[in-house]
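Engineer:
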Amino acid sequence: MRRSDDMDLTRRALRGRDLVVFSNDWDGDPLSKVHIMRILSRDNRILWVNSIGNRAPRVNTHDVKRIFGKLERFTQGLREVEPNLHVMSPLAIPFYGSEWVRGANRELLRLQVLRAMKKLGFQRPISWSFLPASAPVSGSLGEEFVVYHCVDEFSAFSDTNGRHIAELEERLLRRADLCITSAERLRDSKSRLNPRTVLVRHGTDFRHFVKACDPATPIPADIARLPKPIIGFFGLVADWVDQDAIIAAARAHREGSVVVIGKTTPDCDDSRLRAEPNIHMLGRKAYADLPGYCRAFDVALMPFKISELTLNANPLKVREYLASGLPVVSTDLPEVRKVGLCKIASSTEDFVRKVNECLAEGPGPQRERAERIFNESWDARVEEIRHHVGSAMEAAGKSL
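Using the numbering used here, you'd call the opening residue of the sequence shown number 54 and step up by one each time.
Okay, structure coming up:
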């Protein structure tokens, strides 16, 4: 294919289409899925189907609140949250133990999605699944094309039934006309079941995070007066986060502060972090405020434990730290190595050494450092996605 033909294909692909998207809840933190679909909604209509869950709920406060939250969102009906972007929250029976319940949920979800599609006038849509849980209905909605967009090794999450999730994913992979992956290891493993598997790494919201380099960006009050240096982390505090590395950094810099921004998952014990006098657990913050917090950071941390889950991950926060102009110290993960702009730590002790190197070489946000990640925008990534979808549809004889 000539370059001009290639560019024409990208221009024509994924424009004027109807997309049914199965993903995490829209109202959560803006993950890769949100960034991608916001861009695609400029030229397409999106029906975003909130998560139906990967596991049965437990009898605890978190899961009870989650169930009531889903009921409340269900009662709101179909919402247009942004131009061309409609969100629905389906109801499901919250007990996954029997095959009968799974079958009932499959038909219930299918009917709810079809009803929303009819209301919006969707016909022959593209279904786009970010979660294996959509496998029972993907391909049963009158779709013209099915995409599985895999951004994690879902069967490796500790709070799910790994075997059941793997079975769902295998079903989705075999049905998908195209599988898009965000990490090289994911591409290699998923291509064994679906040869139409491609790699599109994460991008970054550069214009948002580079505000950390602007002196006019305000620093939030709860971090502005903390002792320097400030060694920071933002993201979910879950069982894959290496608390030993965070604690070691705090103890090596008792004169300074370690800041952890983000909520802690119900199954993760963060008491050891909270016990350290100079570790400040600030909780979840609005996405809009993150550049202000990054402006206060001297060094950013990406401390993940090595596991099957994290080896397949492409942590979005790494590119967001870099777009903020920050020096980054990370666990040795394949996709972080591919970025090539972080200091890689091989042990807890090495984590401390690498933090010290960052503090000596030039702490805090620097515009020159941020510019190195400028070309890895979400717009550029969506252009890659358009090309892959267009090529796959053309190969399958589908209309563009």
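Positions of the beta carbon are idealized from the N, C-alpha and C atoms, including for glycine.
Leaving aside the five residues before and after residue 139 along the sequence, list all residues of the same chain whose C-beta is less than 8 Å from its C-beta, in chain order.
Structural biologist: Locating residue 139 in the sequence shown gives position 86, where the first residue counts as 1. For residue 139, where only same-chain residues beyond five positions count, the Cβ hits under 8 Å are 98, 99, 100, 101, 131, 132, 133, 169 and 173.
Engineer: Is the segment 280 to 296 close to the segment 250 to 261, with three or more CB pairs under 8 Å?
Structural biologist: The segment 250 to 261 and the segment 280 to 296 do not touch, with fewer than three beta-carbon pairs separated by less than 8 Å.
Engineer: With a CB to CB cut of under 7 Å and the five nearest residues on each side skipped, what residues in its chain are close to residue 238?
Structural biologist: Here residue 238 refers to the residue found at position 185 when the sequence shown is read from its first residue. Excluding sequence neighbours, residue 238 sits near 364, 365 and 387.
Engineer: Cutting at 6 Å between CB atoms, please list the residues of its own chain near residue 407, excluding the five before and the five after it.
Structural biologist: Indexing the sequence shown from 1 puts residue 407 at position 354. Cβ neighbours of residue 407 beyond the five flanking positions: 382, 396 and 398.
Engineer: Cβ atoms of residue 323 and residue 292: under 8 Å apart, would you say?
Structural biologist: Counting from 1 along the sequence shown, the entry for residue 292 is found at position 239. Counting from 1 along the sequence shown, the entry for residue 323 is found at position 270. Not a contact, by the Cβ cut-off of 8 Å.
Engineer: Hey, out of 179, 91 and 159, whose CA is closest to residue 137's CA?
Structural biologist: Working through the sequence shown from its first residue, we reach residue 137 at position 84. Looking at the Cα atoms, 91 is the closest of the given residues.
Engineer: Nearest to residue 333 by CA position, among 246, 269 and 275, is which residue?
Structural biologist: Residue 333 sits at position 280 when you count from the first residue of the sequence shown. Here the closest residue by C-alpha is 275.
Engineer: Buried or exposed, going by whether 16 or more other CB atoms sit within 10 Å of the CB of residue 89?
Structural biologist: Numbered from 1 along the sequence shown, position 36 holds the residue referred to as residue 89. Sixteen is the threshold: when 16 or more other Cβ atoms of the shown chains lie within 10 Å of the Cβ of residue 89, as they do, the residue is buried.
Engineer: Strictly by DSSP, which residues pair up with residue 286?
Structural biologist: As a position in the sequence shown, residue 286 is number 233, starting the count at 1. 313.
Engineer: Give the DSSP-derived three-state secondary structure of residue 446 in the structure shown.
Structural biologist: Reading the sequence shown from its first residue, position 393 is the one you call residue 446. In the structure shown, residue 446 sits in a helix (DSSP, three-state: H, G or I).
Engineer: Using only the alpha-carbon positions, how far apart do residue 352 and residue 157 sit?
Structural biologist: Position 299 of the sequence shown, counted from the start, is the residue given in the question as residue 352. Position 104 of the sequence shown, counted from the start, is the residue given in the question as residue 157. When rounded, the distance between both Cα atoms is 50 Å.
Engineer: Less than 8 Å between CB atoms is the rule here; does residue 305 satisfy it with respect to chain B?
Structural biologist: This model lacks chain B altogether, as it is built from one protein chain only.
Engineer: At which residues does the beta strand (DSSP E) containing residue 353 begin and terminate?
Structural biologist: Here residue 353 refers to the residue found at position 300 of the sequence shown. Element bounds for residue 353: 352 to 355.
Engineer: What's the call for residue 253, buried or exposed, on a 16-neighbour Cβ count within 10 Å?
Structural biologist: Taking the sequence shown and counting its residues from 1, one reaches residue 253 at position 200. Burial call: buried.
Engineer: Provide the residue(s) that pair with residue 232 in DSSP beta bridges, ordered along the chain.
Structural biologist: Residue mapping note: residue 232 aligns to position 179 of the sequence shown, counting from 1. Residue pairing by DSSP puts residue 232 in a beta bridge opposite 201 and 250.
Engineer: Using only the alpha-carbon positions, how far apart do residue 202 and residue 278 sit?
Structural biologist: For this step, residue 202 is matched to residue 149 along the sequence shown. For this step, residue 278 is matched to residue 225 along the sequence shown. Approximately 42 Å, taken between the alpha carbons.
Engineer: Might you give, ordered along the chain, the residues of its own chain that have their beta carbon closer than 7 Å to the beta carbon of residue 297, omitting 5 neighbours on each side?
Structural biologist: Here residue 297 corresponds to residue number 244 of the sequence shown, with the count starting at 1. Answer for residue 297: 401, listed in chain order.
Engineer: List the DSSP bridge partners of residue 75.
Structural biologist: Along the sequence shown, read from residue 1 onward, the residue named residue 75 stands at position 22. Answer is 102 and 182, bridged to residue 75.
Engineer: What did DSSP end up calling residue 117 once you bin it into helix, strand or coil?
Structural biologist: Working through the sequence shown from its first residue, we reach residue 117 at position 64. Caution applies to residue 117, whose pLDDT of 45 falls short of 50 and renders its modelled position unreliable; the model cannot decide the point.
Engineer: Tell me which residue opens and which closes the alpha helix (DSSP H) that residue 305 is part of.
Structural biologist: One-based indexing of the sequence shown puts residue 305 at position 252. Note, residue 305: alpha helix (DSSP H), 296 to 305.
Engineer: Which same chain residues, not among the five before or five after residue 77, have their C-beta less than 8 Å away from its C-beta?
Structural biologist: For the purposes of this step, residue 77 is identified with residue 24 of the sequence shown, where counting begins at 1. Answer for residue 77: 84, 86, 103, 104, 183 and 184, listed in chain order.
Engineer: Extract the residue ranges of the alpha helix (DSSP H) inside the segment 349 to 418, only unbroken runs of 4 or more that lie entirely within it.
Structural biologist: 361 to 364, 369 to 376, 387 to 392 and 401 to 414
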